[in-house]
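The next block holds one structure in the form of structure tokens; read it before the comments.
Chains as they are written, first to last, in this note's numbering: chain E, 1460 to 1957; chain W, 131 to 234.
Laid out in structure tokens, this is it:
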């Protein structure tokens, strides 16, 4: 049967901006939801989505993707990979699911906002599929870990994490709420689909899949890389929005939305993806370092795309390239030290062989981060685990909600970037975090980070056990060292052998 | 690689698809060679994904995909394994095109 090619009828049928007679345009598309920024609807009608799909095509393709991922899972279930996987790899999966799965539903709401409120018909059409995509990502990433709840309560955090006040959940929500749940349709298309999905999701869903495949975890690899095939399509919604903003004299606004999104995504990935790739993934399965993945996907591929669409490199670009050597090492040290406060078991990744690899990938690591791990290692080998566990809380940034970190050792450079706004003193971990706040103080000013809550008496009793209870962490859920300190004991053997 | 270089590392013009595996990825490598005869096609296999690229523009046609796969192929089937892409994209029933508007 002859079918008329899609391109001969698609543009006509998806142009659904008919003339309304019962309501005004402002009622149909309230500015706070649509975000047209004074650009007339005729201009938004020129929005030309580069990746066009029809509903029948969508359904048949998605069916193929799902049957692929689910059949790999079914085929490997009896293999019980999880029972023999390295504990560091298990932590990778548990951290991933808790931070990501439920936020996929938030992404679905963000897509639905574009599907209803964008003034661009092409945006609405693609976002309808995007809504379904993200719903699929939520379901599949809750279903896969659910099979492992019998193994440990930590797997249950795939669903639980985002409903708690765990600090990592607060940080993830703070970012995702900002770009997904509290922005107008056009800002969502730029901050979520362009800023986040053209760039950073590649790190978590393809970069990490490369490690998963090295680790022999084909179920996880096929799951997350299948998720990214949806992203590759619906991430294309931001480009046309950027073009329209730039054509209508709003490059500065476009640039700001992109820059805020990139910086906030970077900070979240520095605590989630950085430690996973450079410390939790067993050494022999690390296909590239976190920095190498960042260079491949963000510093080269994403930034090049940004330039092609007519935007500049973010003003903090050079800071970001430098931070690739620094931030995630500090985040990892913090997460490991405050391990009872997370829902996974952080792997130290600091055995003699690990440290050799870290020094190779990050020259100078031993003279800086290594010095902190020397002290931790010595304490553990002297039977003083108590000295390696926290009694207080670290100071956290009022933007990224993560500890304020810097480089230890002789070049010790931890710095606070304070800001007083309407009589309240805020603390930030970097110039760029403070800059994000300054772009829209109304949006952020009421938020209380974990330390603000602690100091204002919301956490009771005001001590570590009280804080753990506030974070909803019960016995069997709090993190401990993934390898029960075997990596530290390896140094003891080294000494006695010498 | 020094930091100064890293800052400017994006100043290159490689475009192309990134597949998460499957016979489609292998076929696309062959198709890319046929459909872009004047270009050097580079292939970077990372295990879980394969990066196929060329300078400035890379086209893959449905006809070449059918030839490489030895079966019928609808262009949109490429999405099943298309995990990411470098460059902008244009998709029609007969071909998929990756490109940059600017040359850096």
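Ideal Cβ positions, reconstructed from N, Cα and C, are used throughout, including at glycine.
Given the structure is predicted, the values throughout are model-derived calculations rather than measurements.
Less than 8 Å separating the beta-carbons of residue 1601 of chain E and residue 1622 of chain E?
Residue 1622 of chain E sits away from residue 1601 of chain E, with the two beta carbons spaced by 8 Å or more.
Tell me which residue opens and which closes the alpha helix (DSSP H) that residue 1734 of chain E is part of.
Taken as a continuous stretch (DSSP letters only), the alpha helix (DSSP H) holding residue 1734 of chain E covers 1710 to 1734.
Quick one: which chain W residues come within Cβ less than 7 Å of residue 1661 of chain E?
214
Given a limit of 8 Å on CB to CB distance, which residues of the segment 164 to 177 of chain W reach chain E?
176 and 177
For residue 1816 of chain E, which residues in chain C fall below 7 Å Cβ to Cβ?
Checking the listed chains, one finds no chain C in this structure; the protein chains it contains are E and W.
Quick check on residue 1886 of chain E: does DSSP put it in helix, strand or coil?
strand
Tell me whether residue 174 of chain W sits in a helix, a strand or coil according to DSSP, three-state version.
strand
Let me know if residue 1905 of chain E comes out buried or exposed under the rule of 16 or more other beta-carbons within 10 Å of its beta-carbon.
So residue 1905 of chain E counts as exposed.
Provide the residue span of the beta strand (DSSP E) that contains residue 154 of chain W, from first to last.
Counting along the chain, residue 154 of chain W falls outside any beta strand (DSSP E), though it belongs to the alpha helix (DSSP H) covering 153 to 165.
Give the DSSP-derived three-state secondary structure of residue 1748 of chain E in the structure shown.
coil
Residue 1782 of chain E touches chain W at which residues, Cβ-Cβ below 9 Å?
Under the 9 Å cutoff, chain W gives no residues; its nearest Cβ is about 10 Å from residue 1782 of chain E.
Return the residue from the list W/172, W/195 and W/156 that minimises the CA-CA distance to residue 226 of chain W.
W/195
At a Cβ cut of 9 Å, what residues of the segment 184 to 214 of chain W count as close to chain E, listed as they run along the chain?
204, 206, 207, 209, 210, 211, 212, 213 and 214
Of the residues that make up the segment 1848 to 1878 of chain E, which ones have a beta carbon closer than 9 Å to any beta carbon in chain W?
none
At which residue ranges does the segment 1899 to 1942 of chain E contain complete alpha helix (DSSP H) runs of 4 or more residues, listed in the order of the chain?
Counting only runs of 4+ residues, the alpha helix (DSSP H) found wholly inside the segment 1899 to 1942 of chain E occupies 1900 to 1903, 1909 to 1914 and 1923 to 1929, in chain order.
Taking the alpha-carbon positions, what's the residue 1660 of chain E to residue 1697 of chain E distance?
15 Å
By DSSP's criteria, residue 228 of chain W is part of a beta bridge. Which residues make up the other side?
W/188 and W/219
Of the residues that make up the segment 1741 to 1763 of chain E, which ones have a beta carbon closer than 7 Å to any beta carbon in chain W?
1746, 1754, 1758, 1759, 1760, 1762 and 1763
Output the distance between the C-alpha atoms of residue 1919 of chain E and residue 1771 of chain E, rounded to the nearest integer angstrom.
47 Å
Could you tell me the distance, in whole angstroms, from the CA atom of residue 1732 of chain E to the CA atom of residue 1663 of chain E?
7 Å
For a test of the three-state rule: what should DSSP assign to residue 234 of chain W, helix, strand or coil?
coil
Taking only beta-carbon atoms, is residue 1520 of chain E less than 8 Å away from chain W?
Yes, residue 1520 of chain E lies at the interface with chain W (some Cβ there is under 8 Å from its Cβ).
In or out: residue 1499 of chain E buried (at least 16 other Cβ within 10 Å) or exposed?
By the 10 Å Cβ count, residue 1499 of chain E comes out exposed.
Given a cut-off of 8 Å, decide if residue 144 of chain W and residue 216 of chain W are closer than it, judged by their beta-carbon atoms.
yes
What number of angstroms, rounded off, separates the C-alpha of residue 1476 of chain E from the C-alpha of residue 223 of chain W?
26 Å
Considering residue 1455 of chain E, what are the terminal residues of the beta strand (DSSP E) in which it resides?
Chain E is shown only over 1460 to 1957; residue 1455 of chain E falls outside these bounds and no answer can be derived.
Candidates W/138, W/175, W/157 and W/140: which alpha carbon is nearest residue 200 of chain W's?
W/157
Check for me: the beta strand (DSSP E) holding residue 1877 of chain E runs from which residue to which?
1876 to 1880
Using a Cβ-Cβ distance under 8 Å, would residue 236 of chain W count as near chain E?
It is not possible to answer for residue 236 of chain W, since the shown part of chain W is limited to 131 through 234.
What number of angstroms, rounded off, separates the C-alpha of residue 152 of chain W from the C-alpha of residue 211 of chain W?
If you draw a straight line from the Cα of residue 152 of chain W to the Cα of residue 211 of chain W, it is about 7 Å long.
Can you list the residues of chain W that residue 1695 of chain E reaches, using a CB-CB cut of under 7 Å?
Chain W residues near residue 1695 of chain E: 219.
Among the residues of its own chain, which have a CB less than 8 Å from the CB of residue 1509 of chain E, if the five just before and after it don't count?
1695, 1698 and 1699
Looking at C-beta atoms only, is the number of pairs between the segment 1756 to 1768 of chain E and the segment 1789 to 1808 of chain E that lie closer than 8 Å three or more?
no
Which residues does DSSP list as the beta-bridge partners of residue 144 of chain W?
W/185
Does any C-beta atom of chain E lie closer than 8 Å to the C-beta of residue 160 of chain W?
no
Within the same chain, show all residues whose beta-carbon is closer than 7 Å to that of residue 131 of chain W, passing over the 5 residues directly before and after it, in chain order.
Annotation note: pLDDT 47 at residue 131 of chain W (below 50); position unreliable, coordinate value reported separately. Within the same chain, residue 131 of chain W has no close Cβ partners at all.
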